[in-house]
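*Asks:*
Residue numbers (this note's numbering): 245 to 571.
(1) At a cut-off of 7 Å, would you count residue 396 as near the ligand GDP, judging by its Cβ distance to the nearest heavy atom?
(2) Where residue 554 and residue 536 are concerned, what is the direct C-alpha to C-alpha distance, given to the nearest angstrom?
(3) Contact check, residue 491 vs residue 450 under 8 Å by CB: the rounded distance?
(4) Does the beta-carbon distance from residue 508 to residue 486 come in below 8 Å?
(5) With which residues is residue 286 paired in a DSSP beta bridge?
(6) Answer yes or no: do residue 376 and residue 352 have a C-beta to C-beta separation smaller than 8 Å?
(7) Figure out for me which residue from 569, 390, 392, 385 has the closest Cα to the Cα of residue 399.
(8) In chain order, what residues of the same chain lie with their CB nearer than 7 Å to the CB of residue 551, ignoring the 5 residues before and after it?
(9) Quick one: Cα of residue 354 to Cα of residue 365, how far?
(10) Just to confirm, are residue 257 and residue 280 a CB contact at a threshold of 8 Å?
(11) Evaluate residue 442 with the Cβ neighbour count: other Cβ atoms within 10 Å of its Cβ, from every protein chain shown; 16 or more gives buried, anything less gives exposed.
(12) Output the distance between the C-alpha atoms of residue 299 and residue 313, rounded to the nearest integer angstrom.
(13) Rounded to a whole number of angstroms, what is the C-alpha to C-alpha distance between residue 479 and residue 427?
(14) Return the chain-ordered ranges of every alpha helix (DSSP H) run that is complete within the region 344-381 and spans a minimum of 4 residues.
(15) Between which two residues does the alpha helix (DSSP H) harbouring residue 535 extend?
(16) Compute the Euclidean distance between the alpha carbons of residue 316 and residue 457, then round it to the nearest angstrom.
(17) Just mark residue 570 as buried or exposed, buried being the case when its beta carbon has 16 or more other beta carbons within 10 Å.
(18) May I have the straight-line CA-CA distance separating residue 468 from residue 474, to the nearest angstrom?
(19) Would you give the residue range spanned by the beta strand (DSSP E) that residue 462 belongs to?
(20) Find the nearest neighbour of residue 545 within the set 381, 287, 289, 342, judged by alpha-carbon distance.
(21) Output needed for residue 388: all residues of its chain with C-beta closer than 6 Å, excluding positions within five of it in sequence on either side, in chain order.
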């Protein structure tokens with residue numbers, strides 16, 4: 245195995261000179277640089293990435309902090325982040341925080357010791373100063389942290405307006421909105437969009453706060469449907485919640501879509517696997533992850549970024565949980 249000493253001997257320079265050149269950590273003359281480059285190529289020398297990180301206090305590792313890997317939305321984001329990172333020579337370290345601020349804090353502190361190059365964060369459990377003190381580039385994905393940290397998200401409010409109008413256009417007269425957790429930016433934006441659209445109509449509606457989890461959503465919706473059998477439309481703030489609503493409808497004997505129409509929000513692949521297939525407001529999940537990764541890598545490599553906020557459009561995908569538009 246070729247060592248740095250072999251490279252130095254071949255190039256006719258000191259080991260220290262080779263180290264400075266390989267780690268870009270000090271002055272090396274043009275003549276010495278050329279000699280080292282030639283020696284490295286001829287000997288096929290590869291610098292150990294761990295040694296490089298120890299020398300430069302940097303690595304090619306990107307930390308990806310997700311709030312809940314059981315929610316299919318986040319693995320799809322992770323797929324995009326990893327794909328793009330690999331094309332630029334970076335490796336992704338996946339961290340599942342379980343919406344736990346202490347766990348999230350521990351991930352950040354631990355990976356900083358490994359000379360992590362930067363973080364993509366899809367959780368906002370910690371306060372903004374903690375991220376600022378990380379002293380590495382950070383990009384927020386899906387959930388904003390503050391205006392100084394670049395953020396990539398969907399047009400959540402517009403998507404909620406689109407979803408609400410889709411139910412109204414299909415004749416719904418009594419709509420249940422499953423609002424996501426109030427501490428989450430996307431959930432609040434979707435709630436605002438729903439309220440903007442529904443208040444311009446004359447239909448009845450009610451709002452229930454619901455976590456982005458299948459079992460809890462099923463339980464909540466089952467109870468609401470038993471108490472309010474007149475509900476004929478459900479707009480859920482996530483596809484997972486919509487899937488729970490679909491299961492609840494089956495349990496109480498309500499036919500979808502003849503008696504109850506359901507629309508989700510996310511556009512994850514799971515929606516196609518449900519029966520009937522889930523009508524949803526689809527985010528371009530892959531594009532969101534790809535943009536966030538490219539922005540982070542630009543920041544890591546000290547390259548300028550075009551803007552600090554990137555908003556990706558959404559679209560309505562119609563499947564079997566809704567009927568045709570009423571003419």
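For every residue, glycine included, the Cβ atom is placed at its ideal position computed from N, Cα and C.
*Replies:* So, to answer that:
(1) Judged by which ligands are present, the structure shown has none, so any question about the ligand GDP falls away.
(2) Cα to Cα, the separation comes out at about 9 Å.
(3) Contact doesn't hold; Cβ gap of about 20 Å is too wide.
(4) Using a Cβ distance threshold of 8 Å, residue 508 and residue 486 count as a contacting pair.
(5) As DSSP reads the structure, residue 286 sits in no beta bridge.
(6) Note that the C-beta distance between residue 376 and residue 352 is not below 8 Å.
(7) Of the candidates 569, 390, 392, 385, the one whose C-alpha sits nearest the C-alpha of residue 399 is 385.
(8) Here the set comprises nothing.
(9) About 15 Å.
(10) Using a Cβ distance threshold of 8 Å, residue 257 and residue 280 count as a contacting pair.
(11) Around the C-beta of residue 442, 16 or more other C-beta atoms lie within 10 Å, and the residue is accordingly described as buried.
(12) Because residue 299 sits at a pLDDT of 49, beneath the cut-off of 50, its placement in the model cannot be relied upon, and the following sentence gives the value as read from the coordinates. Residue 299 and residue 313: Cα-Cα distance of roughly 34 Å.
(13) About 19 Å.
(14) 345-357, 372-376, all fully within the region 344-381.
(15) Segment 529-544, the alpha helix (DSSP H) holding residue 535.
(16) A straight-line Cα-Cα distance of about 10 Å links residue 316 and residue 457.
(17) Classification of residue 570: exposed, given that the 10 Å Cβ count is below 16.
(18) Their backbone Cα atoms lie some 10 Å apart in a straight line.
(19) DSSP places residue 462 in no beta strand (DSSP E) but in the uninterrupted alpha helix (DSSP H) bounded by 458-471.
(20) In terms of Cα proximity to residue 545, the closest of 381, 287, 289, 342 is 381.
(21) Setting aside the 5 residues that flank it on each side, residue 388 is surrounded in the same chain by 395, 429, each with a C-beta closer than 6 Å to its C-beta; the list follows chain order.
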